[in-house]
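**Q** Below is the structure I would like to discuss, written out as structure tokens.
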Amino acid sequence: LLGTSYTTNADIDSLMVTTPNVYWSDLVSGSSPYQFAGISVSAGRLNALQIYDKSTPNTALSLLSGVTGNKILAQGTIADPFPGAINPIAQGTDVGFKLESKSGNTVTVWDSDPTANSDQIDHLLVYHLPQLKGAVFYVDNGFGPEAVVYDEYTYLLAWEDLPLSRSDSDYNDNIVLVKALPDRIIITNTTPVPEPATLALIGSGLVGTIFARRKKKDLSV
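Take the sequence shown: its position 56, counted from the start at 1, is 50 in our numbering, and no numbers get skipped.
So, in structure tokens, the structure goes:
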């Protein structure tokens, strides 16, 4: 996504969102809601992205279907568009995310709110990618390829799908690109939670190799 200038974890530390990011506030007027694009997966489990209204966290809606394996999902071209989705929740609504992770008959759901997780840790890293301003990728929201022009309000969601007791802390199990609108605000009242990993995006392709190392993310308000 970002080219070859980012080759180590330290290179992308500055891109990590360290302000609160449990809930996202969709406050801007206009007709364009959030646009989501599935980028890659690196997991033995079947992982699906969900979204929910902050006021009804137990009623989550599907955004992107479950994927598994170790692969880039698409190239983002008209011939090979990213799988995509449009935010189904009304504008002006604070939303959170969930990752539904299946292994056989076992289903685990991880929340963007760490306090809702069984292990009480943050399973979601968020990166702000203003460097993608002007980039064009094709996304299929279910109606065929559509050119999406990204801007400075672009974010990357990177998930860890294993519990703390078995976690590999790679945060590359499900990676999603989010195109927002100006003044989208990330809000939360969650207390700080230790964050065990960070993520590197390298390579001339859309998504490069992902590395992990220990790090803490500040979620204080």
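We put the CB at the ideal spot given by N, CA and C, even for glycine.
1. Closer than 8 Å is the cut-off here; do at least three beta carbon pairs connect the region 7 to 17 with the region 63 to 82?
2. For alanine 191 and aspartate 74, I'd like the C-alpha separation in whole angstroms.
3. What is the rounded straight-line gap between the Cα of alanine 68 and the Cα of leucine 40?
4. Let's see if you can read the secondary structure: which residues bound the beta strand (DSSP E) around histidine 122?
5. Count the other CB atoms, across all protein chains shown, that sit within 10 Å of the CB of serine 106; report buried if there are 16 or more and exposed otherwise.
6. Using the rule of at least 16 other Cβ atoms within 10 Å of the residue's Cβ for burial, across every protein chain shown, is glutamine 29 buried or exposed?
7. How many angstroms separate the CA atom of histidine 122 from the CA atom of leucine 150?
8. Residues in its own chain within less than 6 Å of valine 219 by CB, not counting five upstream and five downstream?
9. Inspect the beta-carbon positions of lysine 96 and alanine 54 and report whether they are closer than 8 Å.
10. Taking a contact to mean a Cβ-Cβ separation below 8 Å, would you say tyrosine 17 touches aspartate 88 in this structure?
11. Buried or exposed for alanine 141, going by 16 or more other Cβ atoms inside 10 Å?
12. In angstroms, rounded to a whole number, what distance separates the CA positions of valine 101 and phenylalanine 137?
13. At a threshold of 7 Å, does glutamine 85 count as lining the ligand ATP (C-beta to nearest heavy atom)?
14. Taking only three categories from DSSP, how would you classify serine 49?
15. DSSP three-state label for alanine 79, please.
16. Under the rule that 16 or more other beta-carbon atoms within 10 Å means buried, what is lysine 173, buried or exposed?
17. Compute the beta-carbon to beta-carbon distance between tyrosine 132 and proline 124, rounded to the nearest angstrom, for a pair I have assumed lies under 8 Å.
18. Within a Cβ cutoff of 6 Å, which residues of the same chain sit near glycine 24, ignoring the five residues on either side of it in sequence?
**A** A quick look at the data gives this:
1. no
2. Annotation note: pLDDT 34 at alanine 191 (below 50); position unreliable, coordinate value reported separately. Rounded to the nearest angstrom, the two C-alpha atoms are 31 Å apart.
3. 17 Å
4. 118 to 122
5. buried
6. buried
7. 7 Å
8. It is not possible to answer for residue 219, since the shown part of the chain is limited to -5 through 215.
9. no
10. yes
11. exposed
12. 29 Å
13. The ligand ATP is absent from the structure shown, which contains no ligand whatsoever.
14. coil
15. strand
16. buried
17. The pair is not a contact, with the Cβ atoms about 21 Å apart (cut-off 8 Å).
18. In this predicted model, glycine 24 has a pLDDT of only 42, less than 50, meaning its place in the structure is not dependable; the value taken from the coordinates is given anyway. Excluding residues within five positions, none has a Cβ falling inside 6 Å.
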